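Each remark here refers to the structure printed beneath this line.
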Amino acid sequence: MIKVEQLSKHFGKLKAVNEISFEVKEHENLILLGTSGCGKTTTLKMINRLIEPTHGTVFIDGKNISEQSPEILRRGIGYVLQNNGLFPHYTVAENIAIVPQLLNWDKKRTEKRALELLEKLHLSADYLNVYPNELSGGQQQRIGLARALVADPPVLLMDEPFGALDNVTRQKIHAEFKALDELKKKTIIMVTHDVQEAFELGDRICLMDAGKIIQDGTPYELLFKPVNDFVKDFLQEQRLQLEFKTIRLYDLWKWLAPRPPKGGASDFQSNEKMEVQRGLSSDVDFWSGLEHFKFGKSETINISHKEGHEVKSVNFEQLMSAFYQYKQQAHE
Amino acid sequence: MNEQQQSLWDFMQQQSGKLGEQTIQHVGLTFISLFIAVLIGLPLGIFITRQKQFSGPVLGIAGVLQTIPSIALLGFMIPVLGIGAKPAIAALLLYALLPIIRNTYTGIEGVDSAVKEAAVAMGMNKWQVLFKVELPLAMPVIFAGIRTATVITVGVATLASYIAAGGLGEFIFGGISLNNTNMILAGAIPAALLAILFDFLLARLQKLNLKKVKTAAATFPVLIILLASLYFIPSAYGSKLKAGFTPEFMGRQDGNLGLQTKYGLKIRTVVISDAVMYKAAYEKQLDVISGYSTDGRLEAYNLVVLKDDKGIFPPYYAAPIVRDEALKKFPELENILNLLSGKINDSIMTALNYRTDYLHQSPEKVAKDFLVSKKLWKPARDSNGEVVRIGSKIFGEQYILANMYSMLIKGYTNYDVSTKTGLGGTKICFDALTNDQIDFYPEYTGTGLLAILQPSAKTIDSVTRSRDETYNYVQSEFQKKYNIKWLKPIGFNNAYALMMRKKQANSLDIKTISNLKRYLESK
Chain V
1 MIKVEQLSKH
11 FGKLKAVNEI
21 SFEVKEHENL
31 ILLGTSGCGK
41 TTTLKMINRL
51 IEPTHGTVFI
61 DGKNISEQSP
71 EILRRGIGYV
81 LQNNGLFPHY
91 TVAENIAIVP
101 QLLNWDKKRT
111 EKRALELLEK
121 LHLSADYLNV
131 YPNELSGGQQ
141 QRIGLARALV
151 ADPPVLLMDE
161 PFGALDNVTR
171 QKIHAEFKAL
181 DELKKKTIIM
191 VTHDVQEAFE
201 LGDRICLMDA
211 GKIIQDGTPY
221 ELLFKPVNDF
231 VKDFLQEQRL
241 QLEFKTIRLY
251 DLWKWLAPRP
261 PKGGASDFQS
271 NEKMEVQRGL
281 SSDVDFWSGL
291 EHFKFGKSET
301 INISHKEGHE
311 VKSVNFEQLM
321 SAFYQYKQQA
331 HE
Chain W
333 MNEQQQSLWD
343 FMQQQSGKLG
353 EQTIQHVGLT
363 FISLFIAVLI
373 GLPLGIFITR
383 QKQFSGPVLG
393 IAGVLQTIPS
403 IALLGFMIPV
413 LGIGAKPAIA
423 ALLLYALLPI
433 IRNTYTGIEG
443 VDSAVKEAAV
453 AMGMNKWQVL
463 FKVELPLAMP
473 VIFAGIRTAT
483 VITVGVATLA
493 SYIAAGGLGE
503 FIFGGISLNN
513 TNMILAGAIP
523 AALLAILFDF
533 LLARLQKLNL
543 KKVKTAAATF
553 PVLIILLASL
563 YFIPSAYGSK
573 LKAGFTPEFM
583 GRQDGNLGLQ
593 TKYGLKIRTV
603 VISDAVMYKA
613 AYEKQLDVIS
623 GYSTDGRLEA
633 YNLVVLKDDK
643 GIFPPYYAAP
653 IVRDEALKKF
663 PELENILNLL
673 SGKINDSIMT
683 ALNYRTDYLH
693 QSPEKVAKDF
703 LVSKKLWKPA
713 RDSNGEVVRI
723 GSKIFGEQYI
733 LANMYSMLIK
743 GYTNYDVSTK
753 TGLGGTKICF
763 DALTNDQIDF
773 YPEYTGTGLL
783 AILQPSAKTI
793 DSVTRSRDET
803 YNYVQSEFQK
813 KYNIKWLKPI
823 GFNNAYALMM
833 RKKQANSLDI
843 KTISNLKRYL
853 ESK
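Note that the protein sequences, when read in sequence, are chains V and W.
Each step along the first sequence adds one to the number in the working numbering, with nothing skipped, and position 140 is 140.
If you want the working numbering, it's the position in the second sequence, counting the first as 1, plus 332.
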């Protein structure tokens, strides 16, 4: 979907971005991760031509973007900024309508689409005639997202979209972000310096440093197959937490002791009963598994394999021991 | 002092026609200049946000223009644009440019870069970014710049009367020259009120602006054009020749008023500063001007004095006038100042003035050369710390006299000297003297009589028949009223005079003021 080839940006002698190449598949969510000054934002801005590259090319859908008019190109790419970049002199409705206006949509269509988005983002329609400075930071960021999504562009670029929010709001928006169906059909490139966020939201992560991509891989690969010490050190501080969130229960499947559920496999009577019996899907991450002990009252939880019908029941100690066994194996 | 018993209100009512006309001219001048300044400044301000390398030079030049003294700027304009409205508007708009350019620039630069980036990233082209994002958000700052420019322009527009562009400055500078407080206030108060009013109105417009950008943006240029057009309404009468008189001459019995009552002279008249009047006559912008008979520019610009055949200009013999207290404090002063008495006649003074006005020699050099030639010059002695303060009015002759007195005092006594030259008009000079700001300055008998004493018309008639009668009258009256002493006359008579270009006067066969009148009335 998006292909970046040998892309460089020099500011005088400084090579902000130095001959990087990567690819993003359709509907994939790629994270550009790194500390400030590593070139990740510059890379992002070269994809919608806010910054023109010194060398290299970017293809979107097989077309070289430098051969398109930048305005037309940008109207087909959603863009979300850290400080939302909402127009303070426009109401929420007018802000959302910017791109439709540039694309000459008729008013009714724009209005309908704006209402639809507000509902999906859990904002009341009353906000349409309000100015951005009357909204909270989280609400502003949602409007920023709505503005980027309104014309349903296939590609979405996000520059530290949740960076200015407090932790609680950020967690909430992360959850919404993952649940939003609109985003599942988008090819997304997101810039962040927040390792947790990268691991939580990214299908793939490009870890950058000094204008170069150090490692391009899935969260799992970065954690357990780091290409060098830089990657290892970068994740070191939050390693345990990242592992908890990256490892899924089915990764641990073979270390979990099989224990048939009470009542037997043939006893399924109703869907409701079956849900209780099946318990947690093995597709969830390890962290969620642990949380079930915290919130649930039972000593054990039931986990069902994501494909098969097999169900296993484990207690806390068994789960932890499976985790350590898995880690040992992964590092070998 | 009968004029000062008249209240300001009476004066304004009596002069309401003139006041209205001047106010309209003032508003017109202000807004034409402002309109053009916005027309130039706004695009220029936008341009330098796009081409940053020009921002330094453009803001620098506009800043330098701002620091040029207004009168100097008006003076520069005359050779290029003549006199009247054109140079005045050009000068005013140059003053209005800086705040408009600077505020447009800072306003647009101050727009949140995230908002600008978002606008570009949404797919707006550069014009859409400018009109939909940058200008609306910079509008409060730009408006503040226009307000500043308006207030500056209303103030500087008072100086437009120096170059015959009219406005409330006519009353202000006329009043200063004529020692007429009511006249000054009749110009100054409306000018101040205009500044406050426009600032207030623009502030209201600005508040409106936040809510309804489009309406206000449309109203504003229309309003400016309407107000600007005011300037072109008046002044639709004509005569064959055009006269330029100083504000002082306009209001004096021995000036324009006398020309009207005694000669019945009717001529199209503009008010102009004497600093630029001669040049304007030379460059055929004016045909008749009110000059001084010893002015060096008379010779320099090839002008000729029309004979005052009905005798309305009284003698103007120059003499230093000194406060009695100063004479007591500096006992040697009187003798020193009298050294110059009888040494300078009309033609000598004209020649001296010619050297400063036309050959551009410094008044100091001219003064020294003259004293040396008369064997009066001595090198300066050591000072004993006592300081004599000399005043002078704001024209060449007075600078020369002040320099001569300064050299004489330093050469013949141990006093030190400080000179306060360039005091703009009789009122300022005389007030400085009575308020113990200066110790003496050279004054003219006619001015002392008509501008300061202001006796009844009958007295004037009786004392202006000869030079000595006038001198004796002002000497005794000044002593009585102000404790100020007229020392011996220097010798020359710098009277008011009407002048024309020699060539034109010859070809029209005009030698006297009566000739001029007959020519104007002939068909």
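Cβ coordinates follow ideal geometry from the N, Cα and C atoms, glycine included.
For clarity, every value in this text was computed on a predicted model and none was experimentally measured.
Are residue i and residue j touching if we call contact CB-CB under 8 Å?
i	j	result
W:G780	W:D748	no
V:L102	W:G455	yes
W:I770	W:G723	yes
V:V80	V:L7	no
W:H358	W:G587	no
W:L555	W:A481	no
W:T485	W:T362	yes
W:I410	W:A496	no
V:V195	V:Q238	yes
W:K820	W:N667	no
W:L852	W:K572	yes
W:I440	W:A394	no
W:M831	W:V608	no
W:T802	W:P553	no
From the options, pick the residue whose C-alpha is nearest to that of residue i; which is it?
i	options	result
W:Y649	W:N677, W:A632, W:L671 and W:G628	W:N677
V:T218	V:G12, V:A16 and V:L32	V:L32
V:L364	V:R75, V:A330 and V:D61	Coverage of chain V is limited to positions 1 through 332, which leaves residue 364 of chain V absent and any answer about it impossible.
V:N18	V:D216, V:K40 and V:H27	V:K40
W:F702	W:H692, W:D714, W:A712 and W:A683	W:A683
V:T54	V:D61, V:M46 and V:I60	V:M46
V:L290	V:A330, V:E307, V:Q329 and V:Q241	V:Q241
V:N104	V:E116, V:A151, V:F87 and V:N64	V:A151
W:G576	W:K598, W:K594, W:A612 and W:T593	W:A612
W:T758	W:F581, W:D793 and W:I440	W:F581
V:T91	V:Q140, V:S281 and V:N48	V:Q140
W:K752	W:I741, W:Y744, W:V720 and W:K742	W:V720
V:V24	V:D203, V:L252, V:M320 and V:E310	V:D203
W:Y737	W:S705, W:F772 and W:W459	W:F772
W:K843	W:V620, W:P579, W:V654 and W:L659	W:V620
V:N29	V:K185, V:G12 and V:Y131	V:K185
W:N920	W:S750, W:T745 and W:G442	Residue 920 of chain W is absent from the structure shown; chain W starts at 333 and stops at 855.
W:Y494	W:Y610, W:R655, W:A651 and W:L351	W:Y610
Where does residue i land, buried or exposed, given buried means 16+ other C-beta within 10 angstroms?
i	result
W:K790	exposed
W:D768	exposed
V:G263	Any answer about V:G263 is weak, because its pLDDT of 47 lies below 50 and its placement is not dependable; what the coordinates show is given next. Exposed, by the Cβ-count rule.
W:P419	buried
V:I65	buried
W:F343	buried
V:D267	Caution applies to V:D267, whose pLDDT of 43 falls short of 50 and renders its modelled position unreliable; the value that the coordinates give is listed next. Classification of V:D267: exposed, given that the 10 Å Cβ count is below 16.
Can you check DSSP and say which residues form a bridge with residue i?
i	result
W:E775	W:A651
W:G723	W:K752
W:M831	W:I621 and W:V637
V:T35	Answer is none; V:T35 lacks a bridge partner.
W:W818	W:I653
W:G590	Partner(s): none; W:G590 has no beta bridge.
V:E23	V:K3
V:T57	V:E5
V:V17	V:K9
V:I189	V:L30 and V:L157
V:Y90	Partner(s): none; V:Y90 has no beta bridge.
Return the chain-ordered list of same chain residues with a C-beta closer than 7 Å to the C-beta of residue i, the five sequence neighbours on each side being excluded.
i	result
W:K700	W709 and M739
W:R850	none
V:Y220	T246
V:A210	C38
Ignore the nearest five residues each way along the sequence and tell me which others in residue i's own chain have a CB closer than 6 Å to its CB.
i	result
W:L405	A423
V:V155	I77 and T187
W:F475	Q538
W:G728	N685, T688 and D689
W:Y805	V795
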